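Report on the structure given below.
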Amino acid sequence: MVDLLRRHAPGLSTLAVALCLFGFVALKRLPGGLYPEVSFPRIVVAATLPGGSAQTLQLSVTRPVEEALSTVLGVRRVRSRTIRAAAEVSLWFEPGADMDRALGLVNARLGELRGSLPPEVELTAERLTASSFPIRTLAVTGSVEQARLRDFALYTLRPRLAGLPGVGRVDVVGGDTREVEVTVDPARLEQARLDLPQLATTVGDALKLEPAGRVDIHYRQEMVVVEGPVERLNELPQLVVGGTPEAPVLLGDVARVEEGHADRLSRTSANGKPSALVNIGRRPGADAITLARDIDAELQRLRTELPPGIEVLVAYDQAGLITRSVVNVRDAVAIGGLLTLVVVGAFLRSWRAMLAAAAALPTTLSMTFAALWLSGGTMNLMSLGGLAVAIGLVVDDAVVVVEAVYRRVAAGMERWAATADALREIAWPVTNSTLTTVVVFAPLSLLSGVSGQFFAALAFTLSVAVLLSLAVALTLTPLLCGWLLTPQGVHEMPGTGFHRKWLDRLSGVPGWTVGGVAALTLLLAVFASGIGTGFLPELDEGAFVVDYFTPIGTSISEADRLGQQIEATVAALPEVDITSRRLGAELGPPAATESSTGDITVALKHSRSRSGADVIEEARGRVEAAVPGVRVEFVELLQDILSDLEGNPDPVEVKLQGPDVHALQEFAPQVADRLKDIPGLVDLYDGVAGCTSELHLDVALPVAGRLGLSAQDVAAQVRTALLGQVVSAVPHEGRLIDVRLRLKDPERLEPQVLERLRLRLASGVTVPLMQVARVRHECLPSELLADNLRPLIAVTGRLENRDLGGVIQDVQTRLADLKPPPGVELILGGQRDSQQASFRELVLVLTLATFSVFLVLTFHFRSLLLPLLILGTAPVGIAAGLAILRLTGIPLNVSSLMGCILLVGLVVKNGILLLDRAEEGLAEGLSAQAAVERAASVRLRPILMTTLATLLGLVPLALGLGEGAELQRPLAITVLGGLSLSTLVVLWGLPSAYVLARRRVRPPGMGGN
């Protein structure tokens, strides 16, 4: 093989250089993102019905939509939330479903259903992806009026940003929407014997711009257009709206025409100042880092053109987090690579040998970038994490090859002969030891959900890097050894004598040694049994969200005041950089949101001494003390986005389901009361939202009928008086704005407006509203939930300084003796569902990974016994990994379980090198003990070198330094603990097991009865 490599050395060298250059070009083109491009099998249907109560909306809209969509192909779960005037129906599809096709099926079903719904209902269906949430939020604020802030955001900033490559949705939230207001004086209107609907019709008919025909004039065709004063609103007060030809009533006699704004149903602010928020989303597959640079450049140009009194702030910047996280993980890769090379140099004491081994690192990494780009991957925390984990592994094969050649050259063999001899000995075990690392990830395709897609990206990157490193170790590395290595004398590695002495002692009593390893494994397993459990690792992204819920029915102005108080309390923390607040709206895609609820996005300073969790803990205490009557929830922003996308936004959720909503509402506080003192459970909510106060006008049909009024007539006059009526739209500065007719604010907003409101009859006479209708107070449910068409109330909570598994265990204990009422079912949900599903799948993956490794080993050794001996080191490694997790206080989550799976592939690598050499000695006539002791002496240096290279490559990740490093930290710590102890077991325990297994095998040439 070496002769073949030497003959094609020019071609192989050129190919290696070309692949490296291609890899660096691919690296420049790889799109960057925080997470892999994850497909979430969820579609959300939003419905609005102006003025409808939650109860009415559920009966007339939500329930029909649920029933129709539950039968769409692939739907496995339907959940709805209905509030006043809005509803939200979430559909979850089977994992792996074609979501573009699913969205088409949902829209088709909604189209069929639309005819049976109330005509005023608006329906929209949207597939939820990570791109549905903004990667950056800009706040347009300043000293000017809020209408100008919104106009600038909507008509100047938004178009300039929407045209940038990679930009998806750009939404503007907040600010005042401009309107032309025709505000009517009710006393003058009555004197003129006019009514609001009649006035609205007259004004709307006047503001027309309509084509009326064509006329040929001097061989030219001219369009005839009839135009009212749509561009001359100063003439509108001269419009005749009533009276007689001799004494006309003009619009200006009964109303004022002025520029104003629509009623504020939502409020937004930044750093406590009114603002319009601009949410910028990323197109799927777009490079977030490049997009952030383009946005910054556009803002830099825009700031030189800003009108006086307007400024643009960055309120939230996920793109900045992506950049910093990628840089941090990249630095971890670089530091791990340097530490790996230091190990090689320290053991071999030859710069030539170090160079021969080191060449594998940049070559493999650059080719991995090329493979990642060709496969359509992205440069995200998981793929970079795969590189960081693999940084020590990619030089393992090259180190083993270099060490084998170096040992022969140092003993006096000619370097090309030494290379050929070493490759004959080492190629097969190196290949199979590398395959054991790769095959453990093959069953990962069985993983579903967020965790499966997340860690599939890590596994793909790691597997590609390790396979490419094998190809480099068997082609480029032997050539470099033949060119570079020179005899430098034989030197014994420090510690060899110590290892040999203890190996001789332990292999002399193999039964006791194996028993000691088994006892150690049992002790570690017992210690690790108390480990906590979680789902995904927590990521300190430098931002969090405060969701606040003022009491149901709170006015917008009062809810705004309370929100300002919360924002000021949080902003007073020294770690807070900027805040942005929404009331009546939410961060992300449109959702059903009460006007009395909102959220505050809090961006933290990059240079701070406390973690995000510590800041949240203090902020929670301050806010609860400042506004005791307001319910608040503190959530990590990205964790909340991922949980919401997967459909389990709350870590702890107790679902109460049954046919009787009132029974659920009565039982829910009892459940919450049982859970209120559980350590680590915060933001507890009993799920009972209360009721919304409404004033119902019961029309006296006999009285109204005698006056010539129907219920519809009454509703039209009351609606126009209170809400107003959009009668037309007129051009204003290049765009259309609505013209709304309504009563003056002092008249329509006073508490006694209904008692003073008068209705106009067809005869022109006015009568008090109270003559034809009676006011009745109602308190209707403000929120109605359903899960798979069954009424639902969810008791929810969040975690603080405690693992998910421990809290869930306490919840189960507290609820064990709580008997629900007849017909009420109590179900644990939340992130526990996702955790348990992922854990079940990962245990299956671990089992299949172990079998895959066993399969590779059986082909290598052509035996069943030796693979079992080598796999016997895996339990002690896994037990040690779990024990170190408990020691460091890290819960067992998806990341640490991935570390256990990786351990199965790693711990057998050293066993293959050791026993492969021992089998050669046994075939040469040595006894089992002599063969394994000689193998341990020969393989000691490569085993220690490859293990230390892997461990030191993981140290930067295990330390978790910088933003973004927390995702792989549990995996790194698991591998560090497990691989360290399992290597010692391979060096001292596995030889004893080999002696026990092979002592009945007689060396060739020895006779026996």
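Numbering-wise, the sequence shown is residues 0 to 1008 according to numbering that gives the first Met the number 0. Think of the CB as a built atom: it goes at the ideal place given N, C-alpha and C, for glycine as much as any other residue. A quick note: this is a predicted structure, and the numbers were derived from the prediction, not measured.
Practice item. Just the C-alpha distance for V240 and V202, rounded to the nearest angstrom, thanks. Key: Locating residue 240 in the sequence shown gives position 241, counting from the first residue. Locating residue 202 in the sequence shown gives position 203, counting from the first residue. Approximately 8 Å, taken between the alpha carbons.
**Study point:** First and last residue of the uninterrupted beta strand (DSSP E) at M378
**Key:** On the sequence shown, residue 378 is found 379 positions in, with the first residue counted as 1. Run containing M378: none; DSSP gives neither H nor E here.
Practice item. Report the rounded CA-to-CA distance for R739 versus Y684, giving the unit in angstroms. Key: For the purposes of this step, residue 739 is taken as the residue at position 740 of the sequence shown. For the purposes of this step, residue 684 is taken as the residue at position 685 of the sequence shown. Those two C-alpha atoms are separated by around 41 Å.
Review point. Within 10 angstroms of its Cβ, does R423 collect 16 or more other Cβ (buried), or is it exposed?
Key: Residue 423 sits at position 424 when you count from the first residue of the sequence shown. With fewer than 16 other Cβ atoms within 10 Å, it is exposed.
Review point. Which parts of the segment 678 to 741 are runs of the alpha helix (DSSP H), unbroken and 4 residues or longer, counting only runs that do not cross its ends?
Key: Within the segment 678 to 741, the complete alpha helix (DSSP H) runs of at least 4 residues are 700 to 705 and 710 to 721.
Point to revise | Residues that R759 bridges to, as DSSP identifies them | key: Along the sequence shown, one-based indexing puts residue 759 at 760. In DSSP, R759 forms a bridge with T765.
Exercise for review: Go ahead and label N233 buried or exposed: buried means 16 or more other beta carbons lie within 10 angstroms of its beta carbon, across all protein chains shown.
Suggested key: As a working note, residue 233 is residue 234 in the sequence shown. That one is exposed.
Review point. Taking the continuous alpha helix (DSSP H) assigned at V224, which residues delimit it?
Key: If you number the sequence shown from 1, residue 224 lands on position 225. Note, V224: premise wrong, no alpha helix (DSSP H); beta strand (DSSP E) at R219 to E226.
Check your understanding: Between I294, A296, V398 and A370, which lies nearest to V341 when the distance is taken from Cα to Cα?
Key -> Within the sequence shown, numbered from 1, the residue matching residue 341 stands at position 342. If we check each option's Cα against that of V341, V398 comes out closest.
**Study point:** Close beta carbons around E585, own chain, < 7 Å, minus the five adjacent residues each side
**Key:** Within the sequence shown, numbered from 1, the residue matching residue 585 stands at position 586. T592 and D598, listed in sequence order.
Check your understanding: Which word fits Q57, buried or exposed, when buried means at least 16 other C-beta atoms lie within 10 angstroms of its C-beta?
Key -> As a first step, residue 57 must be located in the sequence shown, where it is residue number 58. By the neighbour-count rule (16 or more Cβ atoms within 10 Å), Q57 is buried.
Check your understanding: Quick one: what does DSSP say D503 is sitting in, helix, strand or coil?
Key -> Position 504 of the sequence shown holds residue 503. It is helical.
Exercise for review: Could you tell me the boundaries of the alpha helix (DSSP H) in which V631 lies?
Suggested key: Against the sequence shown, residue 631 aligns to sequence position 632. Per DSSP, V631 belongs to no alpha helix (DSSP H); it is in the beta strand (DSSP E), R630 to E635.
Point to revise | Where E65 falls, given that 16 or more other Cβ within 10 Å makes a residue buried | key: Translated into the one-based positions of the sequence shown, residue 65 becomes position 66. Note on E65: 16 or more other CB atoms within 10 angstroms of its CB, so buried under the neighbour-count rule.
Review point. So, L582 versus G562, is the Cβ gap smaller than 9 Å?
Key: Stepping through the sequence shown from its first residue, residue 582 is reached at position 583. Stepping through the sequence shown from its first residue, residue 562 is reached at position 563. Between L582 and G562, the C-beta spacing is below 9 Å.
Check your understanding: Touching or not, the segment 309 to 322 and the segment 912 to 927, by the rule of three or more beta carbon pairs under 8 Å?
Key -> no
**Study point:** Start-end ranges of the beta strand (DSSP E) lying completely within the segment 578 to 619, minimum 3 residues
**Key:** Listed in chain order, they are 596 to 603.
Practice item. Look at the alpha carbon of L756 and the alpha carbon of L768, and state the distance between them as a whole number of angstroms. Key: Here residue 756 is taken as the residue at index 757 of the sequence shown, counted from 1. Here residue 768 is taken as the residue at index 769 of the sequence shown, counted from 1. Rounded to whole angstroms, L756 to L768 spans 6 Å at the Cα level.
Exercise for review: List the whole-angstrom C-beta distance separating V181 from V256, where the pair is believed to meet the contact cut-off of C-beta under 8 Å.
Suggested key: Against the sequence shown, residue 181 aligns to sequence position 182. Against the sequence shown, residue 256 aligns to sequence position 257. Right, the Cβ-Cβ distance comes to about 6 Å (below 8 Å), so this counts as a contact.
Review point. Hey, which unbroken runs of the beta strand (DSSP E) at 3 residues or more fall wholly within the segment 220 to 304?
Key: Runs of the beta strand (DSSP E) inside the segment 220 to 304: 239 to 242, 247 to 249, 254 to 260, 266 to 269 and 272 to 281.
Review point. Can you check whether the CB of L148 is closer than 9 Å to the CB of G167?
Key: Reading the sequence shown from its first residue, position 168 is the one you call residue 167. Reading the sequence shown from its first residue, position 149 is the one you call residue 148. Their beta carbons are not under 9 Å apart, which means G167 does not touch L148 by this criterion.
Exercise for review: Measure the beta-carbon distance from T596 to F543 and round it to whole angstroms, keeping in mind my assumption that it falls under 8 Å.
Suggested key: Reading the sequence shown from its first residue, position 597 is the one you call residue 596. Reading the sequence shown from its first residue, position 544 is the one you call residue 543. No, T596 and F543 are not in contact; Cβ-Cβ is about 17 Å, not under 8 Å.
Check your understanding: Tell me, which residues are paired with Q656 by DSSP?
Key -> As a first step, residue 656 is located in the sequence shown; it is residue number 657 there, counting from the start. The partner list for Q656 (beta bridge, DSSP) reads L791 and E824.
Exercise for review: Just grab the DSSP bridge partners of Y547 for me.
Suggested key: In the sequence shown, the residue the question calls residue 547 occupies position 548. G597 and V631, per the DSSP bridge assignment.
Point to revise | Whether Q638 touches E537 by CB criterion (9 Å) | key: In the sequence shown, the residue the question calls residue 638 occupies position 639. In the sequence shown, the residue the question calls residue 537 occupies position 538. Cβ atoms of Q638 and E537: closer than 9 Å.
Review point. What do you reckon, are the CB atoms on A624 and T61 nearer than 9 Å?
Key: Taking the sequence shown and counting its residues from 1, one reaches residue 624 at position 625. Taking the sequence shown and counting its residues from 1, one reaches residue 61 at position 62. For A624 and T61, no; Cβs fall outside 9 Å.
Exercise for review: Taking only the alpha-carbon atoms, compute the straight-line gap between T136 and A314 and give it to the nearest angstrom.
Suggested key: Here residue 136 is taken as the residue at index 137 of the sequence shown, counted from 1. Here residue 314 is taken as the residue at index 315 of the sequence shown, counted from 1. Their backbone Cα atoms lie some 5 Å apart in a straight line.
Check your understanding: Excluding sequence positions up to five away, which residues of its chain have a Cβ less than 8 Å from the Cβ of A699?
Key -> As a working mapping, residue 699 is identified with position 700 in the sequence shown. If we look at A699 and ignore the five residues flanking it on each side, its Cβ neighbours are V771, A772 and R773.
Practice item. Note down the Cα distance separating G481 from R351, rounded to an integer number of angstroms. Key: Taking the first residue of the sequence shown as position 1, residue 481 is located at position 482. Taking the first residue of the sequence shown as position 1, residue 351 is located at position 352. So the alpha carbons of these two residues sit roughly 11 Å apart.
Check your understanding: DSSP three-state call for L958: helix, strand or coil?
Key -> Residue mapping note: residue 958 aligns to position 959 of the sequence shown, counting from 1. Of the three classes helix, strand and coil, the one that applies to L958 here is helix, per DSSP.
Exercise for review: Please say whether V906 and G876 have beta carbons closer to each other than 9 Å?
Suggested key: As a first step, residue 876 is located in the sequence shown; it is residue number 877 there, counting from the start. As a first step, residue 906 is located in the sequence shown; it is residue number 907 there, counting from the start. Yes, they are a contact pair.
Exercise for review: List the endpoints of the continuous alpha helix (DSSP H) containing D809.
Suggested key: Counting from 1 along the sequence shown, the entry for residue 809 is found at position 810. Here the alpha helix (DSSP H) through D809 covers L803 to L814.
Check your understanding: From S579 to L298, what does the alpha carbon distance come to, in whole angstroms?
Key -> Within the sequence shown, the letter at position 580 stands for residue 579. Within the sequence shown, the letter at position 299 stands for residue 298. In a straight line, the C-alpha of S579 is about 19 Å away from that of L298.
Exercise for review: Taking 8 Å as the threshold, find out whether the segment 403 to 423 comes into contact with the segment 365 to 373 through three or more Cβ pairs.
Suggested key: no
Exercise for review: Return yes when the Cβ of G679 is within less than 9 Å of the Cβ of G805, no when it is not.
Suggested key: The residue given as residue 805 occupies position 806 in the sequence shown. The residue given as residue 679 occupies position 680 in the sequence shown. Result yes, Cβ atoms of G805 and G679 sit closer than 9 Å.
Practice item. Would you check if there are 3 or more beta carbon pairs closer than 8 Å linking the segment 139 to 148 to the segment 705 to 717? Key: Inter-segment contact for the segment 139 to 148 and the segment 705 to 717 is absent: fewer than three beta-carbon pairs are separated by less than 8 Å.
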